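Peer 1: Sharing a structure, written as structure tokens. Questions coming.
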Amino acid sequence: MTAGTAQKISNAFLSCTAGAASFVFSLVALLFLTELDQKIVAALVAGVFCLLVSYVAAERPNSENARALAALSDRLLAVEDGDLVSPAPASVQRNMPKLAAAVDSLFAEVRASIENAHALGMYDPVTSLPNRLHFRSEADKLLGETNRDSKSAMLFVDLDRFKMVNDSLGHARGDQLLIMVANRLRVVVNSEFAGNARNRPLLARLAGDEFTIFFPEVESVEEIGRLARRIVLAISEPFELSSHSVDIGASIGIAISPDHGTSIEALMRAADIAMYRAKSSGGGQHCLFDAELQAEHQQKIDTEKALTEAVQKDEFVLVFQPQMSLVTGEIAGAEALLRWNHPREGLRLPATFIPVAERTGLISEIGEWVVSEVAATLGAWHRDGFDGRLAFNISPRQVERPDFFAKLRAAFADAGVPLSLIELEFTESAAMEVGAAVLDEIAALRDDGARIAIDDFGTGYSNLARLRSMPLDRVKLDPSLIADIESSEKARVIVQAVIQLIKGVGCEIVAEAVETVAQADILRAMGCDTVQGFVFAHPMFEDEFTAWTNAGRGRDAKSVA
Ligand code: C2E
Ligand code: MG
Ligand code: MG
22 MTAGTAQKIS NAFLSCTAGA ASFVFSLVAL LFLTELDQKI VAALVAGVFC
72 LLVSYVAAER PNSENARALA ALSDRLLAVE DGDLVSPAPA SVQRNMPKLA
122 AAVDSLFAEV RASIENAHAL GMYDPVTSLP NRLHFRSEAD KLLGETNRDS
172 KSAMLFVDLD RFKMVNDSLG HARGDQLLIM VANRLRVVVN SEFAGNARNR
222 PLLARLAGDE FTIFFPEVES VEEIGRLARR IVLAISEPFE LSSHSVDIGA
272 SIGIAISPDH GTSIEALMRA ADIAMYRAKS SGGGQHCLFD AELQAEHQQK
322 IDTEKALTEA VQKDEFVLVF QPQMSLVTGE IAGAEALLRW NHPREGLRLP
372 ATFIPVAERT GLISEIGEWV VSEVAATLGA WHRDGFDGRL AFNISPRQVE
422 RPDFFAKLRA AFADAGVPLS LIELEFTESA AMEVGAAVLD EIAALRDDGA
472 RIAIDDFGTG YSNLARLRSM PLDRVKLDPS LIADIESSEK ARVIVQAVIQ
522 LIKGVGCEIV AEAVETVAQA DILRAMGCDT VQGFVFAHPM FEDEFTAWTN
572 AGRGRDAKSV A
């Protein structure tokens, strides 16, 4: 063999080595590294390394170097067996010390990247607490190791008002707050169980403002209750964020194993349900899971499923409640209210399903049905010569759909119903929150004759400037405002002031849930225009409603008042 041929073979061999090295590094990048930027770094490393070896192949083609590179090739192939630790072979260190140093430092970087990727995959980068994945696998292990007779506890901690802080002070401060919360949780949890390594609780941040704590072994439910109270107390102390003092709270759900579940998944679900109860009861408290909560939760799931079918099976119906003018004594119109004709449970009230429909988004389809039903009903009434106005309720989620207003207009146009016969009721909070584009659409509808009302006024918080500038005709007082006007002077003062305020911005007042003649009398004296309530009529099916209006019973309003 000539020297030239030997060199060619050696170069070919070295180029192959470069290819193999590049391949192995790329493989490592794909298999072990999770982050895209790490993959890119590793791919670059592979490329650089490939070039380096090719360079060496071209520049130093003697047999000792070829042997060193063969050893290096073996070393690189050992990566396939998971060896990222061994240094560059001695022959490479001896003959090509710079290359050996480069290989060692590259391996060190790959190792660090992988460790980093693992850490990122297991710990929450903000609080350094274990993340959801890590928590689940660790808690699973701990639960598996506990004594059969002992009890474990799962706590689900959700912060109250965190979103408000995050929105108003910004995400950086929000993160700072989460770190402080995590530290307070650490202190409470560790102080309770210091020195008891086997029972060491596992604290984690699941997501957002949700934390979990798993206690592998607890003495008693009371003990956990006490601890939950200490956590609530610790989180209720103000947090000093730069120059701000921030008040938040914690709602805690507790589930106990084996009573409420024997797997981490079941315990987390139960603790989550209990946490929702703690939150819906006002927050800043803890709640222990129980059978009643389980039944309620099951009911929610069943309702969700049945509601989806109800939309397809057309199980909804509208009832109508008259609104009486206290000025003329005439029927001023009516409100269409939704009922679900449940196949087994009979007629269900909106309070039992509207919240579920809103949460699942089904309210959009249900709302569309309401609009088309109101359009059809008004079309028929219009043809029969009854030109009373019909109000109906709009959920805030409905107006989020970009085609909501176009569809609404089309439904009434198709039914031959002028827009002057409809009234759209928005809840106070929805009215305050909708964006400028929706407000423009509402204003355009109003310009075309539709009336706009705010429903349940007095339950949310009203921005008075918005109230003044909003395209608005009527404000419906929330029943809670008028409930005590017969017996309470304070209640009367408030209602009088609210009526003056509403009239001051040029709107009509409708009082809802008026149940007694005395209430109607007081409201009339205060200048309330219209009343809706059991004192005149309950919501009725369409045939009852038309019979009621035809019988002229609505003319009684003046005498009642
Ligand atoms: P709302 O729009 O404020 O409707 C008035 C509620 O007060 C109705 O309850 C009505 O039956 C009730 N009510 C009327 N007079 C009296 C009274 O004298 N005393 C008492 N205690 N209550 C009275 P309903 O039908 O159960 O509806 C509850 C809520 O469900 C409605 O409150 C409305 O927010 C929502 N809702 C009803 N229909 C629809 C709908 O089609 N779409 C949407 N998105 N929500 C609806
Ligand atoms: Mg209403
Ligand atoms: Mg209302």
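Residues 22 to 582 (our numbering) are what the sequence shown spells out, left to right.
Just so you know, even glycine gets a beta-carbon here, dropped at the ideal spot from N, CA and C.
The structure displayed is predicted, hence computed values, not measured ones.
Using a 10 Å radius around the Cβ and a threshold of 16 neighbouring Cβ atoms, would you call Asp469 buried or exposed?
Peer 2: By the beta-carbon neighbour count (other beta carbons within 10 angstroms, threshold 16), Asp469 is exposed.
Peer 1: Are the Cβ atoms of Met345 and Ile277 separated by less than 9 angstroms?
Peer 2: No, the Cβ-Cβ distance between Met345 and Ile277 is not below 9 angstroms.
Peer 1: Taking the straight line between their C-alpha atoms, what separation do you get for Ala87 and Val113?
Peer 2: 10 angstroms
Peer 1: Does the beta carbon of Ala291 sit closer than 9 angstroms to a beta carbon anywhere in chain C?
Peer 2: Among the protein chains of the structure shown there is no chain C, as only one such chain exists.
Peer 1: Flag Gln419 as yes when its Cβ comes closer than 8 angstroms to any non-hydrogen atom of ligand 1, and as no otherwise.
Peer 2: The answer is yes for Gln419.
Peer 1: Going by C-alpha to C-alpha distance, which of Ser263, Arg290, Glu261 and His265 sits closest to Ile273?
Peer 2: Arg290
Peer 1: How about Glu330: is its Cβ closer than 8 angstroms to a heavy atom in ligand 3?
Peer 2: no
Peer 1: Could you please give me the residues that DSSP links to Met306 through a beta bridge?
Peer 2: One detail in the question is off: residue 306 reads as Gln in this sequence, not Met. Its beta-bridge partners are Ser272.
Peer 1: Helix, strand or coil: which one does DSSP assign to Tyr482?
Peer 2: coil
Peer 1: Tell me whether Asn211, by its Cβ, gets closer than 8 angstroms to a heavy atom of ligand 2.
Peer 2: no
Peer 1: Buried or exposed for Asn187, going by 16 or more other Cβ atoms inside 10 Å?
Peer 2: buried
Peer 1: Going by C-alpha distance, which of Ala412, Glu510 and Gly527 is nearest Gln553?
Peer 2: Ala412
Peer 1: With a CB to CB cut of under 7 angstroms and the five nearest residues on each side skipped, what residues in its chain are close to Cys549?
Peer 2: For Cys549, where only same-chain residues beyond five positions count, the Cβ hits under 7 angstroms are Leu347, Ile520, Ile530 and Ala532.
Peer 1: Among the candidates Val267, Phe310, Thr349 and Ala299, whose CA atom is the shortest distance from the CA of Ala287?
Peer 2: Phe310
Peer 1: For Pro343, which residues does DSSP report across the bridge?
Peer 2: Ala355
Peer 1: Can you check whether the CB of Gly388 is closer than 9 angstroms to the CB of Ser416?
Peer 2: yes
Peer 1: If you follow the beta strand (DSSP E) that Val237 is in, where does it begin and where does it stop?
Peer 2: The question names Val, but residue 237 is Pro in the sequence shown. Where Pro237 is concerned, the enclosing beta strand (DSSP E) stretches over Glu231 to Val239.
Peer 1: Would you mind stating whether Asn669 and Phe236 have Cβ atoms separated by less than 9 angstroms?
Peer 2: Summary: the structure shown does not reach residue 669, with the chain confined to residues 22 through 582, and so no result is reported for it.
Peer 1: Exposed or buried, which one is Leu54 when buried takes at least 16 other CB atoms within 10 Å?
Peer 2: In this prediction, Leu54 has a pLDDT of 48, which is less than 50 and means its spatial position is unreliable; what the coordinates show is noted afterwards. Classification of Leu54: buried, given that the 10 Å Cβ count is 16 or more.
Peer 1: Closer than 5 angstroms is what we want: which residues have a beta carbon that near any heavy atom of ligand 2? List them in chain order.
Peer 2: With the cut-off at 5 angstroms, the residues found are Asn414, Glu446 and Asp476.
Peer 1: For Ser158 and Thr398, what's the separation of their Cα atoms in angstroms?
Peer 2: 57 angstroms
Peer 1: Can you tell me which of the three DSSP states His265 falls into?
Peer 2: In this structure, His265 counts as strand in the three-state DSSP scheme.
Peer 1: Would you mind reading off the limits of the alpha helix (DSSP H) that contains Asn86?
Peer 2: Ser84 to Leu98
Peer 1: As an exercise, report each continuous alpha helix (DSSP H) stretch of at least 4 residues that is fully enclosed by the stretch 508–554, in chain order.
Peer 2: For the alpha helix (DSSP H) assignment, the uninterrupted runs of no fewer than 4 residues enclosed by the stretch 508–554 are, from N- to C-terminal side, 510–525 and 538–547.
Peer 1: In its own chain, which residues sit with a C-beta less than 7 angstroms from the C-beta of Val210, not counting the 5 before and 5 after it?
Peer 2: Pro222, Leu224 and Ile234
Peer 1: Just mark Ser107 as buried or exposed, buried being the case when its beta carbon has 16 or more other beta carbons within 10 Å.
Peer 2: exposed
Peer 1: Could you spell out where the beta strand (DSSP E) holding Gly367 opens and where it closes?
Peer 2: Gly367 to Arg369
Peer 1: Alpha carbon to alpha carbon, how far is Arg404 from Arg545? Give it in angstroms, no decimals.
Peer 2: 33 angstroms
Peer 1: Mapping the DSSP letters down to three states, classify Leu227 as helix, strand or coil.
Peer 2: Assignment of Leu227 by DSSP, reduced to helix, strand and coil, places it in the strand class.
Peer 1: Could you check where the alpha helix (DSSP H) with Thr324 kicks off and where it finishes?
Peer 2: Ala312 to Lys334
Peer 1: Leaving aside the five residues before and after Gly103 along the sequence, list all residues of the same chain whose C-beta is less than 8 angstroms from its C-beta, in chain order.
Peer 2: none
Peer 1: Look at the alpha carbon of Ala92 and the alpha carbon of Ile135, and state the distance between them as a whole number of angstroms.
Peer 2: C-alpha separation (whole angstroms): 25 angstroms.
Peer 1: Is the beta carbon of Thr381 within less than 8 angstroms of some heavy atom of ligand 1?
Peer 2: no
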